[in-house]
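Heads up: the sequence lines are chains A and F, in that order. UniProt numbering numbers the first residue of the first sequence as 1 and each following residue consecutively. UniProt numbering numbers the first residue of the second sequence as 1 and each following residue consecutively. Yeah, the Cβ is synthetic: ideal placement off N, Cα and C, and Gly gets one too. These numbers were taken from a predicted model, which means no experiment stands behind them.
Number of protein chains: 2
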Amino acid sequence: MGTTATQPSLWDRSRQAVVASIFDTAMRLFAEQGYEATTIAQIAKEAGISQRSLFRYFGTKEDIVCGEQEELGELLRATVEAQPAAATAWEALRAGFEVLMEAHGEPGKLLEITTLIFDTPPLRARYTQKRLRWQELVQPAVTARMPAGEGPLPQVRAAAVTATVFACVDAATEAWVRSGGSADLATLYDEALAAVRG
Amino acid sequence: MGTTATQPSLWDRSRQAVVASIFDTAMRLFAEQGYEATTIAQIAKEAGISQRSLFRYFGTKEDIVCGEQEELGELLRATVEAQPAAATAWEALRAGFEVLMEAHGEPGKLLEITTLIFDTPPLRARYTQKRLRWQELVQPAVTARMPAGEGPLPQVRAAAVTATVFACVDAATEAWVRSGGSADLATLYDEALAAVRG
DNA sequence: TGCCCGCTTGGCAGTGACTGCCAAGCGGGC
DNA sequence: GCCCGCTTGGCAGTCACTGCCAAGCGGGCA
């Protein structure tokens, strides 16, 4: 639970193996038949596990795809808060996203997941919902970096800046997915933010 | 279907009456017991209609709350496109939202709906999903108002501007809801956008 | 007036995601 | 070899949602 990286116990690793096995099976089936057409029963059977246990690893069908966002949120928060005090809110958030982009394993797999999410409305809705959680997580750090406001408005200002950065990340990610992964995400993000703040 | 306002036929109005009756029943029950604890069966029974018919009026439980967004999207698109050519993308979008704010009936009812949406994660996810549809609708009009770009990037720039405006509307709306409706939405929006573009 | 046609409605049975409950297995400590 | 805790699997149930079909209702037309 804490920030200290408790090294993975044997138990953790076997759990991770099961999770990975379910995930791979599911992604294969999603690619073959589409997300909606694939049932939990089928994933469970092909992964050699009971339906009941599958739900113990992934609370929902959507979480099989969007699940790892949970941990990443904590990494984002920590990174943003660790930025030097001189950094503006914009710079701190950008640094956070740079770390996130490097935190993913193979970029190929990330592209596959992201494409699936952006092409499947319910998945995208879930994804957005989780990103909203991220916004709440970084909000304090962003508020602390805002120029001191006058009224009860600094809250709104901080929320607006945070939401804008996420919106630009979203726009950049969408363009990245539509380019089939050939474009550079960081460049797209900078372009997006420039269009907004220019 | 067209833009011409075909005046409501008798049939339309009886349909509207049923819709309103279901909606009112549902909102009352949601307020009394919460959204998740209220079942479709209960809403149908109290509204004096069969479950099957309820689903013919509202495709999903979420749409009972988020349903009217569908038509409003068209209004938004038309308004943005109708802005003078000299208006910037920012101004055109702002004008669109001003019209939307006036399009709602009683502000009290709007506050009730919006509060429910913002307090209920699945509803907010659905709401965001529909707003994404709005973004797609206005995208062409926004692209047309962007300063001519160099590469394949004007798409990203337009998407970023659009997404940012929606993000600011969201931040403003959230603050408005949290204030219990006492704050002024337009003022909050201007404050939010100023924080971003300042 | 009586019939017919189209549309709306309601019931029914089914699917698919998800949950609670309980019994069986399995591993490690003693 | 035994016991204890945790994980697993199966079962039955709930809830949102869908397709199908049969019944009702209203309006047009002879």
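query: Give a yes or no on contact between the stretch 152–170 of chain F and the stretch 171–178 of chain A, applying the rule of three or more CB pairs nearer than 8 Å.; result: yes
query: Who are the near neighbours of LEU188/A in its chain, counting only those whose CB is closer than 7 Å to its CB and skipping five residues on each side?; result: ALA172, ALA175 and TRP176
query: Taking all protein chains shown into account, decide if TRP134/A is buried (16 or more other Cβ within 10 angstroms of its Cβ) or exposed.; result: buried
query: Looking only at its chain, what residues have a beta carbon closer than 7 Å to the beta carbon of ALA183/A, apart from the 5 residues adjacent to it on each side?; result: ALA175 and TRP176
query: What is the residue span of the alpha helix (DSSP H) that GLN129/F lies within?; result: 121–144
query: Any residues in the stretch 129–151 of chain A with a beta carbon nearer than 7 Å to a beta carbon of chain F? Which ones, in chain order?; result: GLN129
query: If you pair each beta-carbon of the stretch 132–148 of chain F with each one of the stretch 135–145 of chain A, do three or more pairs fall below 8 Å?; result: no
query: So what does DSSP say about ASP184/F, is it helix, strand or coil?; result: coil
query: Could you say which of MET146/F, ALA195/F and GLU98/F lies nearest to LEU185/F if we only look at CA atoms?; result: GLU98/F
query: If you follow the alpha helix (DSSP H) that GLY48/F is in, where does it begin and where does it stop?; result: Counting along the chain, GLY48/F falls outside any alpha helix (DSSP H), and DSSP gives it neither H nor E.
query: Taking all protein chains shown into account, decide if GLY198/A is buried (16 or more other Cβ within 10 angstroms of its Cβ) or exposed.; result: exposed
query: How is PRO107/A classed by DSSP in three states: helix, strand or coil?; result: helix
query: Could you tell me whether the Cβ atoms of GLY67/A and PHE58/A are closer together than 8 Å?; result: yes
query: For GLY96/F, I'd like the list of residues in its chain whose CB is within less than 6 Å of its CB, leaving aside the five on either flank, ordered along the chain.; result: LEU76, THR79 and VAL80
query: Label GLN129/F either buried or exposed according to how many other C-beta atoms from any shown protein chain fall within 10 Å of its C-beta, with 16 as the threshold for buried.; result: buried
query: Can you list, in chain order, the residues of its chain whose CB lies under 7 Å from that of LEU193/F, leaving out five sequence neighbours each side?; result: CYS168
query: Report buried or exposed for LYS61/F, applying the criterion of at least 16 other Cβ atoms within 10 angstroms of its Cβ.; result: buried
query: Would you report the Cα separation of GLU32/F and PRO154/A, rounded to the nearest angstrom?; result: 34 Å
query: Whose Cβ in chain A lies nearer than 8 Å to the Cβ of CYS168/F?; result: ALA160, ALA163 and THR164
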